[in-house]
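Undergrad: One structure is given below, represented as structure tokens, and several questions about it will come after.
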Amino acid sequence: MINMKNTTLLILTYLLLGASASHATGKVPGGTNGSVLTQTVQKIRVAEENTAGGTRAKKGRNFYQIKIYHLKSPAQEQRLDNFLRQAYLPALHRANIRKVGVFKPIQQDTADIRVYVLIPFRSLSEFDDLGDQLAKDSRYQQSGSDYINAPYNNAPYARMESILLKAFSGSPELTLPKLTGPKSERVYELRSYEGPTEKYYENKVKMFNAGNEIAIFNRLGFNAVFYGEVMSGSRMPNLMYLTTFNNQADRDAHWKAFSADPDWKKLSALEEYKNNVSKNEQFFLRPAEYSDI
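Residues -24 to -1, 1 to 269 in mature numbering (1 follows the signal peptide of the UniProt record, and there is no 0) are what the sequence shown lists, from first letter to last.
As structure tokens, then:
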């Protein structure tokens, strides 16, 4: 939003200077139509809008897309891995989306093999524009041809889900985990909390933000990658968040500390936050070796 106070001060300064000049010369500054004044005001407004826009961009909340691929066979999984590693992630990197997560369940269901892809966006317009960018990327079209141009009777997956989320105000941007263990041993825990109604769901989001549940996770070192409000998905109203650990023992120790934490006990005992989760699902994942996260 334009800072009208600053604009007004600058205009008044210009007019006062102009009044002195006109008193001495008998001429109106900028001519009779005041074109210089008009141009000056326009420049001021453009500059302030650019500044405001820059501020909004810095303070804005990320958006996340989670793609969940459902696969029928190891052969499909291999095709998808090749596409993601050789075509999709490199194309996203060229589109200035640098950190893309690819995760797989630690215990894979052979009847429903899954691959999770996490894509962060700085704005909804960036999310909306991605398809057009990929369509114009000749390197992507060539390297991803097996996936992109797959025939109907030899598809690279059985089904694909898409979930769109907006980052919590208390954790507005994606954060890379600070882990020391090898990727092959890591445990990434994706949680989904559904609320019985929109009001209860919003109350749970408030519990994370204003109630400082995020602060407890941060203090205890849960290495959360994101916290997000689901804007569109098959399960709503709900929120999702992703915490990361070096291994299973590390994960168990962190949750034990969380359960015993005095701040958590105090927060969870508050009457205002009762009954705000109707379903809690946990998905234990591991990053693919080519994942950025």
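Beta carbons are placed, not taken as given, at the ideal position from N, Cα and C, and that holds for glycine.
#1: Classify Gln54 as buried or exposed, calling it buried when 16 or more other Cβ atoms lie within 10 Å of its own Cβ.
#2: Based on DSSP bridge pairs, tell me the residues matched to Val91.
#3: What first and last residue would you give for the beta strand (DSSP E) that runs through Ser101?
#4: Can you find at least 3 beta carbon pairs, one from the region 91 to 100 and one from the region 40 to 54, that sit closer than 8 Å?
#5: Is there contact between the region 106 to 117 and the region 180 to 197, where contact requires at least three CB pairs shorter than 8 Å?
#6: So is Leu140 in contact with chain D if we call contact Cβ pairs under 8 Å?
#7: For Ile192, which residues from the same chain have a beta carbon less than 8 Å from its beta carbon, with the 5 sequence-adjacent residues on both sides left out?
#8: One question on the structure: do Lys43 and Glu102 come within less than 8 Å of each other, judged by their Cβ atoms?
#9: Counting along the chain, where does the alpha helix (DSSP H) carrying Ala67 start and finish?
#10: Pro263: buried (16+ other C-beta within 10 angstroms of its C-beta) or exposed?
#11: Using only the alpha-carbon positions, how far apart do Ala229 and Asn223 sit?
#12: Looking only at its own chain, which residues have a Cβ that is under 8 Å from the Cβ of Glu165, when we skip the five neighbours before and after it?
#13: Give me whichever residues DSSP pairs with Pro127 in a beta bridge.
TA: Looking at the coordinates:
#1: Exposed: under 16 other Cβ atoms inside 10 Å.
#2: Beta-bridge annotation (DSSP): Val91 is paired with Tyr45.
#3: Unbroken run through Ser101 is the alpha helix (DSSP H), Leu100 to Lys112; no beta strand (DSSP E).
#4: For the pair of segments examined, the region 91 to 100 was found to touch the region 40 to 54: the number of CB pairs separated by less than 8 Å reaches three.
#5: The region 106 to 117, when compared against the region 180 to 197, does not touch it at the 8 Å Cβ threshold.
#6: Considering every chain present, this structure includes no chain D. It has just one protein chain.
#7: Counting only residues of its own chain and dropping the five nearest sequence neighbours on each side, Ile192 has a CB closer than 8 Å to the CB of Phe234, Asp237, Asp239, Trp240 and Leu243.
#8: Taking 8 Å as the Cβ cut-off, Lys43 and Glu102 do not qualify as a contacting pair.
#9: Run containing Ala67: Leu65 to Arg70, per the alpha helix (DSSP H) assignment.
#10: Classification of Pro263: buried, given that the 10 Å Cβ count is 16 or more.
#11: Near 10 Å, if we compare the C-alpha coordinates of Asn223 and Ala229.
#12: These residues qualify, in order along the chain: Leu218, Thr219, Thr220, Phe221, Arg227, Gln258, Phe259, Phe260 and Leu261.
#13: The partner list for Pro127 (beta bridge, DSSP) is empty, contrary to what the question assumes.
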